[in-house]
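Everything in the sequence shown is counted per this note's numbering, starting at 2 for the first residue and increasing by one.
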Amino acid sequence: MELSHVSGSSNGSEASSHRTSPLSLTPLLTSQFSGTRADQKRAKALSDAIDKSLRAEKEREQREGGIKLLILGPSETGKTTVLKQLKLLYGQKGLDPERQTYRRVVHLNIMKAMQALVDGLQQHSIPLGDPQNAEHLAIMSRLEPTAETDMFLELVPSIKALWADSGIQHTYYNITQLNIQDSAKYFLDAIDRVAHAQYIPTDDDILQARVRTLAVSEHVFDIDNVAYRIYDVGGQKSLRKYWAPYFDDVNAIIFMAALSAYDQPCEEDPKLNRLQECLVLFNEIANHKLFQLTSMILFLNKIDIFQRKLDAGSLVSKYFPEYRGPNDYFSTTVFFQYRFLQQCKDLQKQVYTHFTHATDTKQMRVIVVAVNAIVQRLNLRSSGLL
Ligand SMILES: Nc1nc2c(ncn2[C@@H]2O[C@H](COP(=O)(O)OP(=O)(O)OP(=O)(O)O)[C@@H](O)[C@H]2O)c(=O)[nH]1
Ligand SMILES: [Mg+2]
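Now the structure itself:
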């Protein structure tokens, strides 16, 4: 697919002239000068300058043209994880530029996870399995919430001992209202590997690691020859006011919801159910006047955790009393999909739903190809080319 098929500022002829290979100009220019060495040097300098300006132009076109896609949704639904998958699948350097930074993130994630478990254990007066771990418990409970990662290595023995303790394990598996991140078990199980002096985060570690997004960021990708400008936003309530300036000329939106949040309270407002709050936000986005012609793609994410919760016997009807069906994966996902689609006031509006596991690169590869096909088709249709 060519850039000229993309709706937006660049028309076909502009796009094709920008695609002229800069390198092809060098022989053309050198042939305009007579054969002296000085002439050839000048020709080369001129050609280099033109190459540079064409490259800058191409970069500008990539920045400003292409399909504009926003990834929206509440906090912790997996927006940045999808972006990381795009970098892995379509970025020139994958996740390499950020790999080193994630070492500290992983260490901090582990500290926070154990702090949350210790809080849960103490709040619910759960006894430690091994009373000798009381000292480790005291060390972790004294830790400031703002503790920095330079303390991580000295905390490792306490974290390891506590994670192996049956009281902490009971807390992890039985206290549903823990304020703990989804990747806690993944990292706590891997503590020996990640505490190693030569530890370098793997792609999977980076996908599992959690850093809140605070500012909107723009990323340019070429997905199967289609140029995309993709925006990742911070999903916390207090950050949503920064989304609006990006709402003009949006070709597609991926709205992310975490299905696994059906039994969780909102972080900012614990009286509110997280998935209910997500439905309200989806209602605002799906019915926004600026998005009447925007392709709407809904990712009902974290299906792996959702499935685990159902398997553990957690009832959807306890949190969504209007649901009367069986508590199996198929029936409950159909119900939630229906609840989301119900939010669209325009009954003609197509919402393309995918059930996703955003940390699974294999699944995301298939889904991104499907989304790209849909976005391209809808884009061609809206630009009158189909
Ligand atoms: N198990 C599992 N974990 C997931 C999935 N999707 C995302 N995560 C994890 O959920 C956490 C939050 O994901 P992010 O991508 O940071 O969430 P976000 O929507 O960008 O959050 P904000 O930046 O606060 O808006 C990370 O630890 C991810 O690894 C999934 O499908 N399954
Ligand atoms: Mg994010």
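Cβ atoms here follow ideal geometry from the backbone N, Cα and C, with glycine treated the same way.
Glu155 sits in a helix when the DSSP states are folded into three classes. Taking 9 Å as the cut-off, the beta carbon of Ile207 is found closer than this to the beta carbon of Lys85. Nearest to Phe248 by alpha-carbon distance, out of Lys346, Ile72, Ala162, Arg38, is Ile72. Taking C-beta atoms under 8 Å as the contact rule, Arg325 and Ser332 fail to qualify, at a distance of about 10 Å. Put simply, the residues with a CB less than 7 Å from any heavy atom of ligand 2 are Lys80, Thr81, Arg213, Thr214, Asp233, Gly235, Gly236, in chain order. Runs of the alpha helix (DSSP H) lying entirely within the region 67-93, each at least 4 residues long, are 80-91 in chain order. Taking C-beta atoms as the reference points, Leu291 and His355 fail to come closer than 9 Å. DSSP, reduced to helix, strand and coil, places Glu285 within a helical segment of the structure shown. Contact annotation: the region 127-137 does not touch the region 234-249, with fewer than three C-beta pairs closer than 8 Å. Taken in chain order, the complete beta strand (DSSP E) segments of 3 residues or longer contained in the region 198-276 are 218-224, 227-233, 253-259. For Phe336, the enclosing alpha helix (DSSP H) begins and ends at 330-342. Under the 8 Å Cβ criterion, the region 74-85 does not count as touching the region 131-140, having fewer than three qualifying pairs. The beta carbon of Lys69 sits closer than 7 Å to those of Arg230, Asp250, Val251, Asn252, all from its chain and outside the five residues before and after it, given in chain order.
Contact annotation: the region 105-113 touches the region 140-153, with at least three C-beta pairs closer than 8 Å. DSSP places Thr354 outside any alpha helix (DSSP H); the residue lies instead in the beta strand (DSSP E), whose first and last residues are 352-356.
By the Cβ criterion, the region 294-313 is in contact with the region 343-359, since at least three pairs of Cβ atoms, one from each stretch, lie closer than 8 Å. At a Cβ-Cβ threshold of 9 Å, Gly66 and Leu122 do not count as neighbours.
Of all alpha-carbon atoms in His289, Thr295, Ala262, Arg366, the one lying nearest the alpha-carbon of Lys310 is that of Ala262. In its chain, beyond the 5 residues on either side, Lys85, Lys88, Leu89, Asp204, Ile207 have a beta carbon closer than 7 Å to the beta carbon of Leu96. Annotated three-state conformation of Asn180 is coil, per DSSP.
Straight-line measurement puts the Cα of Thr362 at about 40 Å from the Cα of Ile51. Taking C-alpha positions only, Leu47 is separated from Gln41 by approximately 10 Å. In this structure, DSSP gives Leu144 a state outside helix and strand, which the three-state scheme calls coil. Shown here for Leu273: same chain residues with a beta carbon closer than 8 Å to its own, the five before and five after excluded, namely Pro266, Cys267 in chain order. Between Ala114 and Ile176, the gap from beta carbon to beta carbon reaches 9 Å or more. A distance criterion of 8 Å places the beta-carbon of Asp312 beyond contact range of ligand 1, judged by its closest non-hydrogen atom. Counting along the chain, Asn175 sits inside no beta strand (DSSP E); it lies in the alpha helix (DSSP H) bounded by residues 167-175. Taking each of Glu219, Lys350, Val157 in turn and checking the Cα distance to Asp190, the smallest one comes out for Val157. Around the Cβ of Arg275, a 10 Å sphere holds 16 or more other Cβ atoms; the residue is buried. An exposed status is given to Ser239, since fewer than 16 other beta-carbon atoms sit within 10 Å of its beta-carbon. Not one heavy atom of ligand 1 lies closer than 8 Å to the C-beta of Asn180. For Ile298, the enclosing beta strand (DSSP E) covers residues 296-302.
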